[in-house]
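Trainee: Numbering (UniProt numbering), first residue to last: 1 to 221.
Cβ atoms here follow ideal geometry from the backbone N, Cα and C, with glycine treated the same way.
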Ligand code: SAM
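1. Determine the direct distance from the alpha carbon of residue 6 to that of residue 219, and round the result to whole angstroms.
2. Give a single yes or no on whether residue 207 has its beta carbon closer than 7 Å to a heavy atom of the ligand SAM.
3. Does residue 80 pass the burial test, meaning 16 or more other C-beta atoms within 10 Å, or should it be called exposed?
4. Tell me residue 105's beta-bridge partners as DSSP assigns them.
5. Beta-carbon separation of residue 138 and residue 148 under 8 Å?
6. Based on the DSSP secondary-structure assignment, which residues constitute the bridge partners of residue 54?
7. Can you tell me whether residue 156 sits near the ligand SAM, meaning its C-beta is under 7 Å from at least one heavy atom of the ligand?
8. Is the region 141-155 touching the region 168-181, taking contact as three or more C-beta pairs under 8 Å?
9. Could you please give the first and the last residue of the uninterrupted alpha helix (DSSP H) stretch that includes residue 190?
10. Assuming residue 29 is part of the alpha helix (DSSP H), what are its boundary residues?
11. Only counting the same chain, and skipping five residues up and downstream in sequence, which positions put a Cβ closer than 8 Å to that of residue 228?
12. With a threshold of 8 Å, are at least 3 pairs of Cβ atoms found where one atom belongs to the region 156-169 and the other to the region 90-103?
13. Would you list, in sequence order, the uninterrupted beta strand (DSSP E) runs of no fewer than 3 residues that lie entirely inside the region 129-167?
14. Determine the DSSP secondary structure at residue 215, reduced to helix, strand or coil.
15. Any idea if residue 179 is buried or exposed, counting beta-carbon neighbours within 10 angstroms, 16 or more meaning buried?
16. Can residue 97 be considered in contact with the ligand SAM, in the sense that its beta carbon sits closer than 7 Å to one or more heavy atoms?
17. Please find out if some non-hydrogen atom of the ligand SAM comes closer than 7 Å to the beta-carbon of residue 106.
18. Take the Cβ of residue 145 as the centre, count every other Cβ of all protein chains shown within 10 Å, and call the residue buried at 16 or more, exposed below.
19. For residue 209, which residues in the same chain have their Cβ closer than 6 Å to its Cβ, ignoring the five residues on either side in sequence?
20. Report yes if the C-beta distance between residue 186 and residue 196 is below 8 Å; otherwise report no.
21. Please indicate yes or no: does the CB of residue 82 lie closer than 7 Å to some heavy atom of the ligand SAM?
22. According to DSSP, is residue 201 helix, strand or coil?
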């Protein structure tokens, strides 16, 4: 039987803390959430490698470092309500649940959303809710959010997501064509004023939906 707890501790020390993640709440969350429960059974031996892994429906569970970096960049507090667009396996949503008060995570592939919700429930993370559907327009019924993380890359920064940020909140979103994406941080300074920051190059699966890329695979914005 693999020692997942030891592998997880090593992952956080070597791949995350040593590479510059400083937020103690994020590090503690990554030390807690069992990533092996969110990867396909055949791949559990790779659960603590610093790499994305396939989870079905041509999608991936994100690389642990990028999950930690996005959550740290979002500057989340323990009282915050947050939104993730692109729940995938549910892993990042589970980590978010350890640093925030309430998490909503939207997934467009029903079979992934169902599996993610089952895993979240089995682990008893009752402040995390998986929602099925297109999240490219956010989740207006639950807005405003102190932070919104988008785990898939769209053609531009979805306007509706900016509008669902609380004042002082942060939106972390990959933008651009696959192979040429940058991670953007948008901060809502006042009701009408937003500030944008480029956090660097990233590689994400496409954000597909009404405010993302079209489903037919064409890539014109
Ligand atoms: N954070 C996830 C995890 O921890 O497993 C990884 C997410 S994976 C890189 C990106 C996910 O975004 C995929 O599961 C994909 O189906 C989903 N996605 C893409 N477009 C979406 C949309 N418009 N609404 C909701 N989910 C979307």
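Mentor: Put simply:
1. Confidence at residue 219 is low in this model, with a pLDDT of 46, below 50, so the placement of that residue should be treated as unreliable; the coordinate-derived value is given next. Between residue 219 and residue 6, the C-alpha separation is close to 42 Å.
2. Judged by the Cβ position, residue 207 qualifies as a neighbour of the ligand SAM at the 7 Å threshold, a heavy atom of the ligand being closer than this.
3. Residue 80 should be labelled buried.
4. Bridge partners of residue 105: 84 and 130.
5. Yes, Cβ-Cβ distance for residue 138 and residue 148 is below 8 Å.
6. Per DSSP, the beta bridge partners of residue 54 are 60.
7. No, the beta carbon of residue 156 sits no closer than 7 Å to any heavy atom of the ligand SAM.
8. These segments touch.
9. In the DSSP annotation of this structure, residue 190 is not part of any alpha helix (DSSP H), being labelled neither H nor E.
10. Annotation: the continuous alpha helix (DSSP H) that includes residue 29 extends over 24-32.
11. Only positions 1 to 221 of the chain appear in this structure, which leaves residue 228 out of reach.
12. With a cut-off of 8 Å, the region 90-103 and the region 156-169 do not count as touching, because too few Cβ pairs lie within range.
13. Fully enclosed beta strand (DSSP E) runs of 3 or longer: 145-150.
14. Coil at residue 215, not helix or strand.
15. Residue 179 comes out exposed.
16. It does not: the Cβ of residue 97 is nowhere closer than 7 Å to a heavy atom of the ligand SAM.
17. For residue 106, the Cβ falls inside the 7 Å cut-off from some heavy atom of the ligand SAM.
18. By the 10 Å Cβ count, residue 145 comes out buried.
19. The beta carbon of residue 209 sits closer than 6 Å to the beta carbons of 134 and 136 from its chain, once the five residues preceding and following it are set aside; these are given in chain order.
20. Taking 8 Å as the Cβ cut-off, residue 186 and residue 196 qualify as a contacting pair.
21. No, the Cβ of residue 82 stays beyond 7 Å of every heavy atom of the ligand SAM.
22. Strand, per DSSP.
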